[in-house]
Every structure is written in structure tokens, then in C-alpha cells.
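Written out below as C-alpha cells is the structure these notes cover.
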Amino acid sequence: MASHHGALAPGSPGLPGGPGGSAGPGAAEGVLHLPDGVRSPGLHVRGLRVQFSTRSEAGDAVLRSAVDGMDLDVAAGELVAILGANGCGKSTTLKSVIGLAPVTSGEVWVDGEQVLPHHRTSAAEQHEARRRVAMIFQQVNLVRRRTVLDNVCAGALGRLPLRRSLVASLFPHDLRAEAMLCLDRVGLADRALDRVGQLSGGQQQRVAVARALCQRASVLLADEPTSALDPAASTQVMELLATLAHDEGLAVVAVLHDPELAREHADRLVGMVAGRERLNGAPDAVTRDAVEHLYSAETATVTVTRTTVGTRISA
Ligand SMILES: Nc1ncnc2c1ncn2[C@@H]1O[C@H](COP(=O)(O)OP(=O)(O)O)[C@@H](O)[C@H]1O
Ligand SMILES: [Mg+2]
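Okay, here's the thing in C-alpha cells:
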């Protein structure tokens, strides 16, 4: 199986979790993974578990699982949408990949390098693997009073010597040139010198994508990137994410609140219930009923029990 490493085309049916790799609703138990699947390009999550300490109704300290045995495969060249009711663990799954959630157990692999658990890899390997992952959020976190170009350059901070990155005006010329190329890829090169605050929400989200590109990320995580946008801007952002996956070979995963938007743009839908995968398949292999069931009262009951007792909602 090792011969498969690097040999599979993006989106190839042979890739774990690729378009041919899973069988639609209810496939959670039956999904087959290649033994070396985690070593193929893209993002691979195995048995992820995240627990937060909280208080039971009786006031005792208890651990609650926000993510409870989640598997996720996003091949290079693929756009995967994650769907599921509020509190089912979508944001926490994405945050785990970039080290923003307290992972209890499980494995995370990025482009064949293991990111979690920590002790399996050297600090340098981890730094490099983390650099390959960028995340964008619903609330675009750019510096509004800085220029578009400076914000995009900031994507490179993780790979610049500190002294060159402290002052924006010291961003080296070659980095500015690269940032301009990234802005061109999201269709905003002409806005480079505007302040971010002057742009519309949809344009700001595209600047956030350009910043991720300037980070030279190969895995892009997007947590409800369109929730604050109108339908036209949402479509534009989703088309951009699809282009980055299909034409540039990034592995892209987007948590989406709108199942129809997911159907329209994603190569594969992954549905979560109570911290794990419940549904996994290409849009035309997943029925609307199956998607609706993710949000149904029966499913939501589990979620409400978990969330009302929880102390904080971080997303
Ligand atoms: N920092 C935190 N502290 C305690 N509980 C949390 C924290 N972050 C998330 N949770 C809980 O974990 C569960 C999953 O949250 P989240 O991943 O944000 O859900 P989703 O993005 O699917 O709406 C929820 O019950 C939430 O309350
Ligand atoms: Mg969320």
C-alpha cells in the first residue's frame, strides 16, 4: 500500500473518504480506510476525542465529550462540507486540527505528517505541518484599519524570521509580491491598498482566504465562512473554495449552516451527530431526509442535553 503514497490523483476514488470511498448515509460504521490512508496528501483525522470539564446538574465537575470518536478525511483536491446541529462538535473538530481544542485522544495527519498526538513527531515537523493548515472563521478576523495587502502578508508570519515581521512596513518586497498574487487569485488585487474596513463582508472573507494562501497552506479549514454573508457573496466565497480545491489541489473543509449551499458546491457531505460522523457521501448519494435527520428533534435532544449543561460555547 505504501506505493500509493503520492501516486493518487486528487479526488481519486481510491483515496480514503474520496468520492468513491464512502457509501452515503449510515456509512459511518462501514467506511473503509486504506491502511496508509493517513499518509496520503490532505487532512486525516482518526478517532478524535475532545472533552471539556463542566458541571453536572447536581453541581459535580464532569467531563463532557464535545467530539467523540470523529474520523475525517479530506483529500488534496477535494471540498468537503461538514453539516450538523448546533453543538454537535463541528467547530471543535476543526479547532483541534490547529491546536485550539484540548484533544484527549485521536490522531491528526496533514500531508502525511502526524500533527497529533504531539509526542509522535518532532517540534520542527509539527511546526511545518501546522503551517500547512489555515483556518478562516465566520467573523473574519483581519485587522480592519490595516491595508488589505498588509493583512495578506501577515499570513506569512509563521514562516518569517521574527524581526522581519514585527513592523508591517518591513514586510519584504518578495513577500508583498507574493501577497499580490494571492490577492489576484481571490479577485481582489485592485483593492490591495484599501483598508480592510472599507471592504464588504464577502470581500473581507476573500481577503482571509488570500491570507491563508499567503501562508502557503495546503489544507484550508473554514468554519461557517458564509454565515454572515448575503446569498450572492456566499456563492462567490463557495466558488472560490471549490476553485482552490479543484484547480489548485488544496484540501478544503467547510462547516456550513446551509445544506443546500453544501450540496451545490461540495464534493462530499459529512454529517455529524453528538461528536462523531453520522453521514458521509457525495451530494447526490445523500438524501435530503438523511441531512434533515441531522437536525431533527430526536438528534437534537442529545445535543441539548450536552449543551445546556456545558459552561461555554466557544464558537
Ligand atoms: N471551550 C469550551 N468549553 C466548554 N465546552 C465547550 C467549549 N467549546 C465547545 N464546547 C462544547 O462542545 C460542544 C461542541 O461545540 P462546537 O464544536 O462549538 O459545536 P458546533 O460548532 O457543532 O456548533 C458543545 O456542547 C459546546 O457547548
Ligand atoms: Mg460551530
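Add 3 to a position in the sequence shown, counting from 1, and you land on the number used in the numbering used here. By construction, the Cβ of each residue, glycine as well, lies at the ideal position given by its N, Cα and C atoms. Here the structure is a predicted model, which is why all the values come from computation and not from measurement.
Set against 7 Å, the gap from the CB of alanine 69 to the closest heavy atom of ligand 1 is smaller. Cβ contact annotation for tyrosine 298 (same chain, cutoff 7 Å, sequence separation greater than five): Ala88, in chain order. Contact between aspartate 226 and phenylalanine 140 holds: their C-beta atoms lie close to 5 Å from each other, under 8 Å. Ranked by how close their Cα comes to the Cα of glutamate 110, the residues Pro228, Leu243, Gln206 and His47 have His47 in first place. Going by beta carbons, valine 199 and valine 276 fall outside the 8 Å limit. As summarised for the region 34-87, the continuous beta strand (DSSP E) elements at least 3 residues long and confined to that stretch are 45-58, 64-78 and 82-86, given in chain order.
Judged by DSSP in its simplified three-state form, arginine 188 adopts helix. Ligand 2 has no heavy atom closer than 7 Å to the beta-carbon of serine 203.
Our two residues, valine 294 and aspartate 177, have alpha carbons roughly 46 Å apart in a direct line. Counting the other Cβ atoms within 10 Å of the Cβ of serine 237 gives 16 or more, which makes it buried. Here aspartate 292 is exposed. Its C-beta has fewer than 16 other C-beta atoms within 10 Å. Serine 108 has Arg52 as its beta-bridge partners, per DSSP. CA-CA distance, glycine 204 to glutamate 128, rounds to 35 Å.
Alanine 69 and histidine 296 have their alpha carbons spaced roughly 19 Å apart.
Fewer than three beta-carbon pairs drawn from the region 55-62 and the region 119-136 are found closer than 8 Å, and the two stretches are therefore not classed as touching. Arginine 209 places its beta carbon 8 Å or farther from that of leucine 184.
Taking C-beta atoms as the reference points, alanine 84 and alanine 257 count as a pair closer than 8 Å. Setting aside the 5 residues that flank it on each side, glutamine 218 is surrounded in the same chain by Arg134, Ala137, Gly158, Ala159, Gly161 and Arg162, each with a C-beta closer than 8 Å to its C-beta; the list follows chain order. Asparagine 144 sits in coil when the DSSP states are folded into three classes, being neither helix nor strand. Relative to the non-hydrogen atoms of ligand 1, the Cβ of serine 94 comes within a distance shorter than 7 Å of at least one. The C-alpha of glycine 92 is placed about 24 Å away from the C-alpha of alanine 245. Of the other Cβ atoms in all chains shown, 16 or more fall within 10 Å of the Cβ of glutamine 117; this residue is therefore buried. Distances from the CB of threonine 107 to the heavy atoms of ligand 1 are all 7 Å or more.
A residue is called buried once 16 or more other Cβ atoms fall within 10 Å of its Cβ, and proline 228 is buried on that count. Counting other Cβ atoms within 10 Å of its Cβ, arginine 148 stays below 16 and is therefore classed as exposed. Taking a 10 Å sphere around the C-beta of threonine 95, we find 16 or more other C-beta atoms and assign the residue as buried. Distance from glycine 80 to histidine 249 at the Cβ level is roughly 6 Å; contact confirmed, criterion being Cβ atoms closer than 8 Å.
In this structure, aspartate 71 and arginine 49 do not form a Cβ contact; the two beta carbons are roughly 13 Å apart against a cut-off of 8 Å.
Remark: the shortest separation between the CB of valine 258 and any heavy atom of ligand 2 falls under 7 Å.
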